[in-house]
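See structure below.
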Ligand SMILES: NC(=O)c1ccc[n+]([C@@H]2O[C@H](COP(=O)([O-])OP(=O)(O)OC[C@H]3O[C@@H](n4cnc5c(N)ncnc54)[C@H](O)[C@@H]3O)[C@@H](O)[C@H]2O)c1
């Protein structure tokens with residue numbers, strides 16, 4: 001076994017999801033490489049130590065720059081708010097570290113370009129955590145599309161709906177609500193939620209040529225969590241866009257944090273000449289599939305319970321019929337990263353691939369801003 005010493009930056013939601021994945025991957029997926037929880041970096045020493053003790057990190061750092069200087073760190077995992085991705089990634093590349101970076105890759109395309117150049121100049125392994133590709137049902141959708149079972153694709157539709165910012169008293173900024181602060185997040189639902197939908201769409205259905213978008217900020221002012229002062233809200237609370245894909249199909253995307261009753265409803269549907277498929281994060285192990293070539297008397301939507309050994313990733317888990325969940329998407333992504341180290345094949349999505357999502361996000365925001373169609 002070759003150790004892969006991990007230096008994790010940030011211990012929030014994603015810090016936990018990734019740490020769990022490093023700890024689990026080798027138990028279920030064979031690889032020559034073996035992640036070691038070497039160092040956890042966070043600014044508050046006590047909290048960092050508590051997390052390190054609880055999750056099994058060997059050491060802590062309170063300054064990510066110090067962590068990058070260490071010879072015993074092979075790979076840096078960036079689990080910080082979006083405004084830190086670029087600086088950490090570029091410095092990590094210069095230090096010769098492999099980099100696993102959370103999504104969205106950057107605040108915008110220009111930053112993403114710099115990050116791509118840095119990892120490519122340094123020749124370091126790199127990957128962005130677009131984990132929804134690794135839901136077995138979504139991977140199965142990819143397989144069915146690539147096999148040509150849907151035929152020509154006409155429509156791609158995706159939604160990502162939440163409701164947690166409807167209350168105007170939710171503050172902006174600070175540790176818990178940095179997503180509402182444009183300085184920390186870059187954008188609102190576009191970079192946070194639609195980025196996932198766009199990454200999956202590019203993976204399943206190919207490139208997006210142009211977009212026409214609308215955005216809205218429903219609550220215009222909020223109190224800053226740190227200063228207590230009111231400030232204008234500069235992120236998009238909601239965004240809808242339509243687009244043309246390079247393959248001629250039409251796309252329709254919607255995301256909002258104002259859809260009362262929806263907590264994290266990511267759904268997608270693809271309609272082709274011969275078949276259609278749809279998927280829903282709230283029922284993530286199921287892929288709905290309609291095949292027009294079925295005998296008409298029994299033709300209808302099938303609900304495929306993706307839990308069998310010959311379905312993506314599932315041969316490595318329990319017996320057929322038993323399902324897995326959200327955290328497994330990260331375990332799959334670590335397993336795929338380790339495999340890429342074993343084989344020498346680049347991990348996917350690389351920074352360069354994730355830059356395509358960033359370009360679509362930028363075109364969407366520009367389109368909404370200028371009320372015009374925008375080429376990607
Ligand atoms: N792949 C996914 O499904 C998914 C889900 C949630 C978040 N994300 C992405 O993950 C990233 C982190 O989001 P989160 O939900 O984990 O946020 P979070 O607020 O839960 O955690 C952020 C962490 O970064 C730390 N941090 C901030 N500044 C730091 C600094 N200068 N040095 C060291 N640590 C610092 C914070 O202390 C905290 O531990 C974001 O880019 C977000 O878009 C991805």
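In the UniProt record's numbering, the protein residues as written are 1 to 376.
Using N, Cα and C, we set each Cβ at its ideal position, and we do this for glycine too.
None of the values given here were measured: they were computed from a predicted structure.
query	result
Per-residue DSSP class, three states only, for residue 79	coil
Any non-hydrogen atom of ligand 1 closer than 7 Å to residue 361 Cβ	no
Any non-hydrogen atom of ligand 1 closer than 7 Å to residue 77 Cβ	no
Residues sharing a beta bridge with residue 224, DSSP	172
Length of the line joining the Cα atoms of residue 100 and residue 249	32 Å
Limits of the unbroken beta strand (DSSP E) element including residue 373	Neither: residue 373 is in no beta strand (DSSP E) and is coded neither H nor E.
Three CB pairs or more closer than 8 Å across the region 125–145 and the region 348–366	yes
beta-carbon residue 103 near ligand 1 non-hydrogen atom, thresh 7 Å	yes
Cβ-Cβ separation, residue 88 to residue 270 (assumed contact under 8 Å), whole Å	That belief does not hold up - the Cβ atoms of residue 270 and residue 88 are roughly 35 Å apart, past 8 Å.
Residue 241 beta carbon less than 8 Å from that of residue 201	no
Per-residue DSSP class, three states only, for residue 161	strand
Check: residue 171 C-beta below 7 Å from any heavy atom of ligand 1	no
Residue 28 versus residue 60 - alpha carbon distance	27 Å
Reduced DSSP category for residue 62 - H, G, I as helix; E, B as strand; rest coil	coil
Contact check, residue 334 vs residue 104, beta carbons under 8 Å	no
Alpha carbon of residue 258 to alpha carbon of residue 168, nearest angstrom	11 Å
Helix, strand or coil at residue 127 according to DSSP, with G and I counted as helix	strand
Unbroken beta strand (DSSP E) run spanning residue 304, endpoints	302–305
As assigned by DSSP and simplified to three states, the class of residue 209	strand
With 16 other Cβ atoms within 10 Å as the buried cut-off, status of residue 205	buried
Test item: CB-CB of residue 199 and residue 357 under 8 Å	yes
For residue 170 and residue 133, believed in contact at Cβ under 8 Å, the rounded distance	Not confirmed; about 30 Å, so no contact.
C-alpha gap between residue 331 and residue 305, whole angstroms	20 Å
Residues near residue 322 in its chain [Cβ-Cβ closer than 7 Å; skip 5 each side]	307
Within 8 Å, strictly: CB atoms of residue 9 and residue 78	yes
Cβ pair residue 118, residue 96 closer than 8 Å	no
Integer-rounded CB distance, given that residue 285 should sit under 8 Å from residue 136	7 Å
Beta-carbon contacts of residue 139 that lie in its chain and below 6 Å, excluding the five residues immediately before and after	312
The beta strand (DSSP E) enclosing residue 267, as first and last residue numbers	265–272
Cβ-based neighbour list, residue 90, same chain, cut-off 8 Å, excluding 5 preceding and 5 following	114, 115 and 118
heavy atom of ligand 1 below 7 Å from residue 13 C-beta	yes
Residue 22 (DSSP reduced to helix, strand or coil)	helix
Proximity of residue 274 and residue 371 at Cβ, strictly below 8 Å	no
Spatially closest choice to residue 283 from 272, 159, 266 and 343, by CA coordinates	266
Distance CB(residue 255)-CB(residue 159) smaller than 8 Å	yes
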